[in-house]
Amino acid sequence: MRKILLVPSVLILLIVVSCADSSQQGRGTLENPILVYTATDLNNVRNNANLHYRQMADIDLDTYENWNPIGTYDVPFRGTYDGNGFSISNMSITIGAEDLDNPVGLFGFVQGNSPPAFSDAKLSQITLIDAQIIPNGDRRDISDPFQGDIGLLAGKIEDTIIEDCTVLNGTINAENHIRVGGIVGEIGQ
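In this note's numbering, the protein residues as written are 5 to 193.
Laid out in C-alpha coordinates, this is it:
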(Lines of atoms letter the chains of each structure in order from A; the text may use other names.)
(Lines give C-alpha, C1' and ligand atoms only; values in the text may rest on other atoms or scores of the structure.)
Protein backbone atom coordinates (compact mmCIF):
# COMPACT_ATOMS: atom_id res chain seq x y z
CA MET A 5 0.00 0.00 0.00
CA ARG A 6 1.39 3.41 -1.00
CA LYS A 7 0.89 6.66 0.81
CA ILE A 8 0.80 9.86 -1.22
CA LEU A 9 2.20 12.88 0.59
CA LEU A 10 2.63 15.12 -2.43
CA VAL A 11 -0.76 16.84 -2.18
CA PRO A 12 -0.30 18.24 1.35
CA SER A 13 3.18 19.53 0.43
CA VAL A 14 1.80 21.37 -2.59
CA LEU A 15 -0.99 22.91 -0.52
CA ILE A 16 1.47 24.19 2.07
CA LEU A 17 3.61 25.71 -0.67
CA LEU A 18 0.62 27.52 -2.15
CA ILE A 19 -0.32 28.97 1.23
CA VAL A 20 3.19 30.27 1.78
CA VAL A 21 3.29 31.91 -1.64
CA SER A 22 -0.11 33.50 -1.08
CA CYS A 23 0.91 34.97 2.30
CA ALA A 24 4.23 36.26 0.99
CA ASP A 25 2.41 38.28 -1.68
CA SER A 26 -0.06 39.97 0.73
CA SER A 27 1.73 43.35 0.65
CA GLN A 28 1.05 43.64 -3.08
CA GLN A 29 -2.73 43.69 -2.65
CA GLY A 30 -4.69 46.58 -4.06
CA ARG A 31 -4.94 48.21 -7.44
CA GLY A 32 -4.06 51.73 -6.37
CA THR A 33 -7.57 53.15 -6.67
CA LEU A 34 -9.42 55.00 -3.92
CA GLU A 35 -11.73 52.00 -3.55
CA ASN A 36 -8.91 49.44 -3.67
CA PRO A 37 -5.67 51.12 -2.48
CA ILE A 38 -2.26 49.49 -2.46
CA LEU A 39 -1.59 48.13 1.04
CA VAL A 40 1.61 49.19 2.79
CA TYR A 41 2.96 46.81 5.45
CA THR A 42 6.73 47.39 5.60
CA ALA A 43 9.42 50.05 5.24
CA THR A 44 10.18 48.63 1.80
CA ASP A 45 6.52 48.99 0.79
CA LEU A 46 6.59 52.62 1.98
CA ASN A 47 9.81 53.30 0.08
CA ASN A 48 8.18 51.87 -3.08
CA VAL A 49 5.34 54.42 -2.92
CA ARG A 50 7.66 56.79 -4.83
CA ASN A 51 7.58 54.42 -7.84
CA ASN A 52 3.85 55.03 -8.45
CA ALA A 53 3.26 58.55 -7.16
CA ASN A 54 -0.22 58.93 -8.69
CA LEU A 55 -1.82 55.98 -6.88
CA HIS A 56 -3.63 55.54 -3.57
CA TYR A 57 -2.15 53.76 -0.53
CA ARG A 58 -3.30 52.51 2.88
CA GLN A 59 -0.85 51.61 5.65
CA MET A 60 -1.62 48.29 7.37
CA ALA A 61 1.00 48.07 10.16
CA ASP A 62 3.40 50.19 12.21
CA ILE A 63 6.53 50.90 10.16
CA ASP A 64 10.03 51.50 11.55
CA LEU A 65 12.40 53.34 9.20
CA ASP A 66 15.55 52.74 11.27
CA THR A 67 16.94 50.56 8.47
CA TYR A 68 16.96 53.66 6.21
CA GLU A 69 19.95 55.64 7.45
CA ASN A 70 18.96 58.63 5.31
CA TRP A 71 15.34 58.60 4.13
CA ASN A 72 14.79 59.86 0.58
CA PRO A 73 11.58 61.96 0.50
CA ILE A 74 8.67 60.70 -1.60
CA GLY A 75 7.84 63.25 -4.32
CA THR A 76 10.00 65.84 -6.07
CA TYR A 77 9.26 68.87 -8.24
CA ASP A 78 9.82 66.67 -11.30
CA VAL A 79 7.68 63.78 -9.99
CA PRO A 80 5.33 65.03 -7.24
CA PHE A 81 3.27 62.67 -5.12
CA ARG A 82 -0.30 63.15 -6.45
CA GLY A 83 -2.15 60.27 -4.82
CA THR A 84 -3.46 59.62 -1.33
CA TYR A 85 -1.69 58.07 1.61
CA ASP A 86 -3.89 56.86 4.48
CA GLY A 87 -1.80 56.03 7.54
CA ASN A 88 -4.85 54.17 8.85
CA GLY A 89 -3.95 54.96 12.48
CA PHE A 90 -0.58 53.19 12.33
CA SER A 91 2.75 54.88 13.03
CA ILE A 92 5.92 55.55 11.06
CA SER A 93 8.89 55.80 13.41
CA ASN A 94 12.59 56.67 13.32
CA MET A 95 12.66 58.58 10.04
CA SER A 96 16.01 60.34 9.72
CA ILE A 97 17.04 62.72 6.94
CA THR A 98 20.41 64.45 6.70
CA ILE A 99 20.79 66.67 3.65
CA GLY A 100 23.39 69.18 2.53
CA ALA A 101 22.18 72.76 2.16
CA GLU A 102 23.32 72.70 -1.46
CA ASP A 103 20.95 69.75 -2.11
CA LEU A 104 17.76 71.49 -1.01
CA ASP A 105 16.49 72.02 -4.55
CA ASN A 106 13.53 69.74 -3.70
CA PRO A 107 11.33 69.90 -0.58
CA VAL A 108 12.33 67.61 2.30
CA GLY A 109 10.17 65.46 4.60
CA LEU A 110 8.62 61.99 4.69
CA PHE A 111 6.94 63.31 1.55
CA GLY A 112 8.95 65.92 -0.34
CA PHE A 113 6.50 67.59 -2.74
CA VAL A 114 2.80 66.68 -2.73
CA GLN A 115 0.66 68.30 -5.42
CA GLY A 116 -3.01 67.79 -6.15
CA ASN A 117 -4.55 68.28 -9.55
CA SER A 118 -5.84 71.78 -10.07
CA PRO A 119 -8.52 72.46 -11.10
CA PRO A 120 -10.42 71.17 -9.30
CA ALA A 121 -8.32 71.86 -6.25
CA PHE A 122 -7.98 69.05 -3.72
CA SER A 123 -9.26 66.50 -6.21
CA ASP A 124 -6.67 63.81 -5.49
CA ALA A 125 -3.73 64.52 -3.19
CA LYS A 126 -4.37 63.74 0.47
CA LEU A 127 -2.28 62.70 3.48
CA SER A 128 -4.38 61.38 6.35
CA GLN A 129 -4.10 59.58 9.69
CA ILE A 130 -0.29 59.52 9.54
CA THR A 131 1.56 59.47 12.86
CA LEU A 132 5.30 60.17 12.77
CA ILE A 133 7.27 59.22 15.89
CA ASP A 134 10.90 60.19 16.60
CA ALA A 135 11.42 61.77 13.17
CA GLN A 136 14.38 64.06 12.53
CA ILE A 137 15.65 66.25 9.71
CA ILE A 138 19.14 67.67 9.91
CA PRO A 139 20.16 70.00 7.09
CA ASN A 140 23.95 69.93 6.87
CA GLY A 141 25.46 73.33 6.00
CA ASP A 142 24.62 77.01 6.21
CA ARG A 143 21.73 78.39 4.10
CA ARG A 144 23.42 81.80 3.89
CA ASP A 145 25.93 80.32 1.43
CA ILE A 146 23.21 79.32 -1.06
CA SER A 147 22.42 81.69 -3.94
CA ASP A 148 18.63 81.07 -3.95
CA PRO A 149 17.17 81.75 -0.48
CA PHE A 150 13.77 80.41 -1.57
CA GLN A 151 14.96 76.82 -1.81
CA GLY A 152 14.76 74.58 1.18
CA ASP A 153 11.16 73.75 2.18
CA ILE A 154 11.46 71.44 5.18
CA GLY A 155 8.65 69.71 7.08
CA LEU A 156 8.54 66.41 8.93
CA LEU A 157 5.41 65.16 7.13
CA ALA A 158 5.90 67.09 3.86
CA GLY A 159 8.36 69.70 2.67
CA LYS A 160 5.82 71.42 0.42
CA ILE A 161 2.19 70.83 -0.52
CA GLU A 162 -0.08 72.37 -3.16
CA ASP A 163 -3.81 71.66 -3.51
CA THR A 164 -3.45 68.89 -0.94
CA ILE A 165 -5.55 67.88 2.06
CA ILE A 166 -3.75 67.09 5.33
CA GLU A 167 -6.15 65.38 7.73
CA ASP A 168 -5.65 63.95 11.23
CA CYS A 169 -1.83 63.73 11.05
CA THR A 170 0.43 63.84 14.12
CA VAL A 171 4.13 64.28 14.82
CA LEU A 172 5.40 63.04 18.19
CA ASN A 173 8.93 63.88 19.35
CA GLY A 174 10.02 65.30 15.99
CA THR A 175 13.17 67.37 15.50
CA ILE A 176 14.26 69.74 12.74
CA ASN A 177 17.65 71.40 13.10
CA ALA A 178 17.21 74.14 10.50
CA GLU A 179 19.16 77.23 11.46
CA ASN A 180 19.19 79.83 8.66
CA HIS A 181 16.50 78.04 6.64
CA ILE A 182 13.47 80.10 5.69
CA ARG A 183 10.50 77.67 5.34
CA VAL A 184 10.36 75.06 8.06
CA GLY A 185 7.39 73.39 9.76
CA GLY A 186 6.74 70.54 12.15
CA ILE A 187 4.09 69.16 9.79
CA VAL A 188 4.60 71.04 6.48
CA GLY A 189 7.40 73.43 5.45
CA GLU A 190 5.41 75.37 2.84
CA ILE A 191 1.81 75.43 1.67
CA GLY A 192 1.81 76.81 -1.85
CA GLN A 193 -0.45 77.32 -4.81
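No residue lacks a Cβ here, since even glycine has one placed at the ideal position from N, Cα and C.
Inter-residue spacing [alpha-carbon to alpha-carbon] between residue i and residue j
| i | j | result |
| --- | --- | --- |
| residue 35 | residue 156 | 28 Å |
| residue 185 | residue 92 | 18 Å |
| residue 70 | residue 131 | 19 Å |
| residue 67 | residue 95 | 9 Å |
| residue 191 | residue 111 | 13 Å |
| residue 32 | residue 163 | 20 Å |
| residue 100 | residue 137 | 11 Å |
| residue 140 | residue 152 | 12 Å |
| residue 60 | residue 41 | 5 Å |
| residue 188 | residue 158 | 5 Å |
Strand pairing of residue i, partner residues [DSSP]
| i | result |
| --- | --- |
| residue 190 | 160 |
| residue 35 | Residue 35 is not bridged to any residue. |
| residue 3 | It is not possible to answer for residue 3, since the shown part of the chain is limited to 5 through 193. |
| residue 59 | 40 |
| residue 76 | None, per the DSSP bridge assignment. |
| residue 68 | DSSP, once it has assigned bridges, lists no residue as partnering residue 68. |
| residue 86 | 58, 128 |
| residue 100 | 140 |
| residue 115 | 162 |
| residue 108 | 154 |
| residue 171 | 132 |
Selected residue, minimal CA-CA separation from residue i, among the options
| i | options | result |
| --- | --- | --- |
| residue 58 | 39, 190, 67 | 39 |
| residue 106 | 116, 125, 154, 55 | 154 |
| residue 82 | 125, 47, 67, 91 | 125 |
| residue 174 | 164, 167, 135, 159 | 135 |
| residue 77 | 49, 100, 114 | 114 |
| residue 65 | 75, 80, 54, 47 | 47 |
| residue 104 | 56, 54, 171, 72 | 72 |
| residue 117 | 50, 55, 187 | 55 |
| residue 129 | 41, 97, 168, 158 | 168 |
| residue 176 | 97, 165, 37 | 97 |
| residue 161 | 52, 80, 170 | 80 |
| residue 62 | 166, 74, 87 | 87 |
Buried or exposed (CB count within 10 angstroms, at least 16 for buried), residue i
| i | result |
| --- | --- |
| residue 85 | buried |
| residue 109 | buried |
| residue 29 | exposed |
| residue 44 | exposed |
| residue 89 | exposed |
| residue 127 | buried |
Cβ of residue i within 8 Å of any chain D Cβ
| i | result |
| --- | --- |
| residue 127 | Of the chains in the structure shown, none is chain D; there is only one protein chain. |
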